[in-house]
Structure formats: structure tokens, C-alpha cells
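> Residue numbers (UniProt numbering): 1 to 464. Just so it is clear, CB atoms sit at the ideal spot from N, CA and C, and this is done for glycine as well. Supplied in C-alpha cells, the structure appears directly below.
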């Protein structure tokens with residue numbers, strides 16, 4: 001009964017808060033600044049509110065109107081309108097000014113609902129934590145949910161019990177005492193034993209592994225099958241806020257906060273030598289994956305010019321968020337002008353800002369390119385009765401598709417360390433020459449002990 005009354009009391013208080021939000025929302029500092037701005041004496045016919053798009057920006061515009069109305073600072077003949085744009089460019093701003101609208105009350109209500117959660121959770125629980133715990137811990141709709149995830153992961157780690165398992169690998173030759181190639185050993189792993197398919201934990205001890213080794217050593221092998229397939233590797237989606245922060249952390253070693261600081265600079269833009277100022281990327285706080293039709297056409301034109309018509313997607317790729325509660329009020333993060341290559345900004349941007357721009361530019365171009373085509377081969381090597389089977393595997397890229405952008409000279413600053421591909425190509429050539437029924441001889445075997453590991457603790461990038 002006491003708990004029920006407490007909950008009812010909180011909702012009554014919350015109702016009063018929301019009923020009087022016009023009074024409680026007034027920020028004294030902003031009110032002071034607005035009071036010194038002679039809006040009522042301006043000769044302009046229109047007052048345009050162009051705060052950031054989305055829920056928070058809509059709330060800011062709404063607050064400004066409420067504050068000005070409280071001061072009787074709005075003339076009766078003054079038209080107040082709201083405009084939004086995804087990028088700070090001349091064309092985007094002109095386009096926004098041609099489509100003014102009223103305040104979106106649904107977004108304002110969403111903002112008020114977020115505030116309600118803060119009042120109910122953060123403002124009630126945080127003072128208790130300040131009194132009872134050291135370090136000024138706080139609670140809230142975001143912190144509490146994040147803390148729950150971290151605690152759940154820590155419980156998983158504490159309760160985890162490692163499990164032992166073994167794997168068996170073998171090298172096969174096409175004649176006794178000689179490897180298939182002096183440059184590449186055909187290594188394979190055991191997939192079936194005793195006519196049963198093995199899973200990760202099928203071989204649970206060294207004793208079992210050595211028993212299998214003895215039987216394999218006494219067997220004769222041939223190529224049972226040589227499966228060939230073609231696989232398409234599609235490009236990743238364009239960046240949203242979280243994926244940009246993750247990639248910047250993993251590839252550039254930037255913290256999430258530093259990434260957003262640089263992204264803010266890119267969004268606000270720079271002034272070029274000809275005196276024209278422009279934003280370099282679209283709004284960076286977004287969970288939307290879509291790209292405007294005009295931007296997609298521009299990206300496809302660049303791909304055709306720079307890489308060839310066969311590299312551009314046959315039709316513009318469209319991406320949508322699968323999460324139900326995604327706002328998708330903004331486009332994905334992309335350059336405002338895809339023709340503005342990273343090399344054109346050398347000297348205009350500092351090194352880290354240029355790296356982040358390059359990351360965004362490459363991902364944006366790649367998302368509208370054709371898939372990479374990969375040829376795969378998986379020979380199965382079995383004994384005479386088929387009760388034992390090993391599998392080798394290799395793949396090679398037959399058409400690079402979107403991967404070409406990451407080999408472009410423009411993306412050198414963000415390129416991963418180059419890996420040796422000649423050995424893989426040689427292995428693929430050798431495996432491609434194997435035919436069903438070819439005899440193979442066991443060269444060597446390796447028994448490997450493994451243990452399962454607990455899930456890792458969250459890093460900043462993985463937690464986003």
C-alpha cells in the first residue's frame with residue numbers, strides 16, 4: 001500500500017511538472033539573452049528557428065518560442081517557422097528555407113517523455129546514491145541501463161567455467177615424402193570421425209586426440225570431393241553515430257568523445273581559399289541509415305568516373321534500420337560533397353580530422369558499390385570407407401567490387417596493414433587442381449589443445 005501510494009504520488013508530481021513545463025523549462029541565462037535581443041523591434045516578417053534536426057533540436061526551438069511568448073516579445077504580424085537541414089551547405093539551407101513548417105508536437109512530446117523519465121528515475125535515485133556511496137555516482141535512464149549491461153557481463157565472467165577441447169589438423173602431400181608445394185602446405189582440419197560429424201567439443205581430452213591420431217596414421221586418403229562456390233561480399237552500411245565511433249576506435253584508436261569532437265568540426269565545416277564556407281559532413285548524431293536520392297546519384301557518378309561503370313551498384317542501395325525505436329530523423333553520416341576527395345583537404349584539416357573524413361568518405365563510397373566476388377574451394381579429404389574426413393579451404397577475390405575503394409590512394413591514411421596474398425593465391429591454385437579421386441598422402445599431424453574463454457569485458461568501442 002505504501003509503495004502504491006509512493007508511485008501515485010510521483011506520478012501526481014510528474015503531472016504537475018508537465019502541466020507547468022512552460023514555467024519550469026525557462027532557462028534563466030537563455031531568457032536573459034533573449035530579453036536583450038530586440039525581436040519585437042525587428043522589421044523582419046519571419047523568425048526562422050533552425051536548431052538541430054530531431055527531438056532535441058525540436059525541443060530547443062519550442063523552448064525559444066515559449067520563452068519569447070512569456071516576454072511578449074513576438075509581434076502579432078511576425079511569422080515564426082521551423083526549418084531543418086542535414087548539412088551546413090548553401091544548397092541545403094536554401095532548400096530548407098523553401099519548406100518552413102510548424103513545430104512538430106510529436107517530437108516535443110517525445111522530449112517531454114524523456115524528461116519525465118529523468119524526473120522519475122534520475123532525480124529521485126541520484127541523491128540517494130550521493131548520500132550512501134562514495135564518488136558521486138548517479139542514476140538515470142541511460143546510466144542505469146548501461147550499468148545493468150556491465151553488471152550482467154561481469155556475472156557471466158565470474159560464473160564462467162572453462163571447457164577443454166582438442167582439434168586435429170593435418171598436412172597432405174601428393175606423393176610420399178614431398179609436399180604439394182614448396183611454398184604452401186595444404187593444411188586441413190578434421191571434420192568427421194567414425195562417420196560422425198565433429199563439433200567443437202567432440203574431442204574432449206588428449207587421450208581421445210591421440211587415439212584418433214593413431215587411426216588416422218594407419219589410413220589411406222584421397223580427394224572425396226572438391227566443392228567450389230562463388231560468394232558475394234556486400235559492403236557495410238553507411239555510418240551512424242555508434243558505428244562511426246566503433247570504427248574510429250578500432251582503426252584510428254580514437255576515443256568516442258574525441259571522434260564526436262572531430263565530427264562536430266567536420267559538420268560545422270571550414271572556409272576554403274575562395275572564401276566559400278561549407279560543412280564537410282552531414283549531421284553526426286544519427287541512427288538513420290538512409291542516404292538522399294540526390295546524394296546516392298552523386299556517389300554512383302563518382303564510382304563510375306573513378307573505378308568504372310561495373311563497380312557502381314546497378315541501382316542505388318537503400319538501407320533501413322531494423323530497430324523499432326530508431327528515430328531515423330537524420331540521414332546516415334556522409335560527406336556533403338562526395339567529389340571532395342580527402343586529398344583535396346590536405347592542409348585545410350589537421351591530421352586526425354582528415355583521417356576521420358577519409359573514413360567517412362570511403363565508407364560512403366563503398367556502400368554504393370557492387371559486391372566483391374569471391375571464389376571458394378573446399379576439398380574434402382577422406383579415407384577409403386569415408387569414416388574419416390578432413391577439409392581444406394581457400395578463397396580468392398575474382399572481382400574486388402567495393403574493396404577497391406580501400407585500395408585507392410585516397411584511403412592510404414586509414415588502410416589496414418597490408419597482408420601477404422601470394423601464399424593464399426598459391427594455395428588456392430593448388431587446391432583448384434585437386435580432382436575427386438586423387439590420392440593424397442598424410443604428411444604430418446598436429447593435435448591442438450584449446451580452452452573456452454569467458455566473454456570479454458566491454459571496451460568503449462564494443463559497448464557502443
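Which parts of the stretch 49-100 are runs of the beta strand (DSSP E), unbroken and 3 residues or longer, counting only runs that do not cross its ends?
Correct list: 79-82.
> If I follow the unbroken alpha helix (DSSP H) through residue 131, where does it start and stop?
Walking along the chain shown from the start, residue 131 turns up at place 131. Per DSSP, residue 131 belongs to the alpha helix (DSSP H) from 123-132.
> For residue 282 versus residue 332, is the C-beta spacing smaller than 9 Å?
On the chain shown, residue 282 is found 282 positions in, with the first residue counted as 1. On the chain shown, residue 332 is found 332 positions in, with the first residue counted as 1. In contact: residue 282 and residue 332 (Cβ atoms closer than 9 Å).
> Under 8 Å, with one C-beta from each stretch per pair, do the stretch 390-407 and the stretch 369-378 reach the 3-pair mark?
Enough Cβ pairs lie closer than 8 Å, so yes.
> So, at 6 Å on beta carbons, what are the nonlocal neighbours of residue 457 in its own chain, with the 5 sequence-adjacent residues on each side left out?
Translated into the one-based positions of the chain shown, residue 457 becomes position 457. Counting only Cβ-Cβ distances below 6 Å, and skipping sequence neighbours, we find nothing.
> Quick one: is residue 249 buried, meaning 16 or more other Cβ sit within 10 Å of its Cβ, or exposed?
Within the chain shown, numbered from 1, the residue matching residue 249 stands at position 249. Burial call: buried.
> What three-state label does DSSP hand residue 29 in the structure shown?
Taking the first residue of the chain shown as 1, we reach residue 29 at position 29. Residue placement at residue 29 is flagged as unreliable, the pLDDT there being 47, under the threshold of 50; a coordinate-derived value is accordingly withheld.
> Starting from residue 115, follow the alpha helix (DSSP H) in both directions and report where the run begins and ends.
In the chain shown, residue 115 corresponds to position 115, counting from 1. Counting along the chain, the alpha helix (DSSP H) containing residue 115 begins and ends at 105-117.
> In whole angstroms, what separates the C-alpha of residue 408 from that of residue 334?
In the chain shown, residue 408 corresponds to position 408, counting from 1. In the chain shown, residue 334 corresponds to position 334, counting from 1. Cα-Cα distance, rounded: 18 Å.
> In whole angstroms, what is the alpha-carbon distance linking residue 436 and residue 198?
For the purposes of this step, residue 436 is identified with residue 436 of the chain shown, where counting begins at 1. For the purposes of this step, residue 198 is identified with residue 198 of the chain shown, where counting begins at 1. Each residue's alpha carbon lies about 23 Å from the other.
> Could you pull out every unbroken alpha helix (DSSP H) segment of at least 4 residues lying fully inside the stretch 275-329, listed in chain order?
Whole alpha helix (DSSP H) segments, 4+ residues: 293-306.
> Report the rounded CA-to-CA distance for residue 114 versus residue 144, giving the unit in angstroms.
One-based indexing of the chain shown puts residue 114 at position 114. One-based indexing of the chain shown puts residue 144 at position 144. So the alpha carbons of these two residues sit roughly 14 Å apart.
> Could you check if residue 218 is buried or exposed, using at least 16 other CB atoms within 10 Å of its CB as the buried criterion?
As a position in the chain shown, residue 218 is number 218, starting the count at 1. Exposed, since its Cβ has fewer than 16 Cβ neighbours within 10 Å.
> Just verifying my parser: in three-state terms, what is the DSSP assignment at residue 464?
The residue labelled residue 464 in the question sits at position 464 within the chain shown. Residue state, collapsed to three classes: coil.
> When you compare only the Cα positions, how much space is there between residue 73 and residue 464?
On the chain shown, position 73 is the one that residue 73 refers to. On the chain shown, position 464 is the one that residue 464 refers to. Near 43 Å, if we compare the C-alpha coordinates of residue 464 and residue 73.
> For the beta strand (DSSP E) holding residue 443, just list the boundary residues, first then last.
On the chain shown, residue 443 is found 443 positions in, with the first residue counted as 1. That run of the beta strand (DSSP E) goes 439-451.
> Using only alpha-carbon positions, find the residue among 159, 125, 134, 187 that is nearest to residue 424.
Numbered from 1 along the chain shown, position 424 holds the residue referred to as residue 424. If we check each option's Cα against that of residue 424, 187 comes out closest.
> Please classify residue 359: is it buried, with 16 or more other beta-carbons within 10 angstroms of its beta-carbon, or exposed?
The residue you call residue 359 lines up with position 359 of the chain shown. Under this definition residue 359 is a buried residue.
> What does the alpha-carbon distance come out to for the pair residue 385 and residue 239?
Here the question's residue 385 lines up with position 385 in the chain shown. Here the question's residue 239 lines up with position 239 in the chain shown. One C-alpha to the other measures close to 52 Å.
> Just confirm the distance between the C-beta atoms of residue 373 and residue 404, as a whole number of angstroms; I'd bet it's less than 8 Å.
Reading the chain shown from its first residue, position 373 is the one you call residue 373. Reading the chain shown from its first residue, position 404 is the one you call residue 404. Not a contact, Cβ separation roughly 12 Å.
> Closer than 8 Å is the cut-off here; do at least three beta carbon pairs connect the stretch 152-170 with the stretch 440-448?
Yes, the stretch 152-170 touches the stretch 440-448.
> Under the DSSP definition of a beta bridge, which residues are partnered with residue 384?
Against the chain shown, residue 384 aligns to sequence position 384. Residue 384 pairs with nothing; no bridge assigned.
> In three-state terms, what does DSSP make of residue 455?
In the chain shown, the residue the question calls residue 455 occupies position 455. Coil, per DSSP.
> Please name the residue in 221, 164, 47 whose C-alpha comes closest to that of residue 202.
By 1-based counting over the chain shown, the position of residue 202 is 202. Nearest option by C-alpha distance: 164.
> So residue 354 and residue 341 are in contact, right, with Cβ under 8 Å, and what is the actual spacing, rounded?
Here the question's residue 354 lines up with position 354 in the chain shown. Here the question's residue 341 lines up with position 341 in the chain shown. With 8 Å as the limit, residue 354 and residue 341 do not qualify as a contact, their Cβ atoms being about 11 Å apart.
> In the DSSP assignment, what are the bridge partners of residue 166?
The count along the chain shown starts at 1 and reaches residue 166 at position 166. 449.
> State the start and end residues of the unbroken alpha helix (DSSP H) segment that holds residue 241.
In the chain shown, residue 241 corresponds to position 241, counting from 1. First-last of the alpha helix (DSSP H) with residue 241: 241-252.
> Need the endpoints of the beta strand (DSSP E) that residue 190 sits in, please.
Within the chain shown, the letter at position 190 stands for residue 190. Residues 187-193.
> Helix, strand or coil for residue 424 per DSSP?
Translated into the one-based positions of the chain shown, residue 424 becomes position 424. It is helical.
> Applying the 10 Å Cβ sphere with the 16-neighbour rule, what's the burial state of residue 192?
As a first step, residue 192 must be located in the chain shown, where it is residue number 192. So residue 192 counts as buried.
> Looking only at C-alpha atoms, which of 452, 442, 233 sits nearest to residue 189?
The count along the chain shown starts at 1 and reaches residue 189 at position 189. Among 452, 442, 233, the Cα nearest to that of residue 189 is on 442.
> Examine the Cβ distances between the stretch 228-235 and the stretch 356-371 and report whether three or more of them are shorter than 8 Å.
Yes: at least three Cβ pairs fall under 8 Å.
> With a 10 Å radius around its C-beta and 16 neighbouring C-beta atoms as the bar for buried, classify residue 223 as buried or exposed.
Taking the first residue of the chain shown as 1, we reach residue 223 at position 223. Buried.
> Hey, quick one: how far does the beta strand (DSSP E) through residue 222 stretch, first residue to last?
Along the chain shown, one-based indexing puts residue 222 at 222. Unbroken beta strand (DSSP E) run through residue 222: 221-233.
> Given residue 29, which residues of its chain have a CB within under 8 Å of its CB, disregarding the five upstream and five downstream residues?
Stepping through the chain shown from its first residue, residue 29 is reached at position 29. Interpretation of residue 29 is limited by its pLDDT of 47, a score under 50 that renders its predicted location unreliable; no figure is taken from the coordinates.
> Taking only three categories from DSSP, how would you classify residue 393?
In the chain shown, counting from the first residue as 1, residue 393 sits at position 393. Coil, per DSSP.
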